[in-house]
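*Asks:* When we follow the numbering used here, the leftmost residue of the sequence shown carries the number 1037, and every step to the right adds one. Quick one: the structure is below, questions incoming.
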Amino acid sequence: MNYYPIHIDIQNQACLVVGGGRIAERKVMKLNEAGAAITVISKDLTPALVQLV
């Protein structure tokens, strides 16, 4: 697997997550920890993701 590390300040920045599964859950948790303003677009959300957004 190849990685591309980026280090940016996303505090209060709009971030879009497309999808509502377990991977989206992990992404939303990390974005939330960084203080991002998160929008999730998905037909279905995991129960944990519902609690996060």
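C-beta: ideal position from N, C-alpha, C; glycine also.
Relative to the C-alpha of P1083, which residue among A1073, R1062 and A1072 is closest?
*Replies:* The candidate whose alpha carbon is nearest that of P1083 is R1062.
*Asks:* If I measure Cβ to Cβ from V1076 and keep anything under 6 Å in the same chain, skipping five residues before and after, which residues do I get?
*Replies:* V1053 and V1089, listed in sequence order.
*Asks:* Return the bridge partner residues of A1050 from the DSSP annotation.
*Replies:* The partner list for A1050 (beta bridge, DSSP) reads A1073.
*Asks:* How long is the line joining the alpha carbons of V1086 and N1038, rounded to whole angstroms?
*Replies:* If I take the Cα positions, the gap works out to 30 Å.
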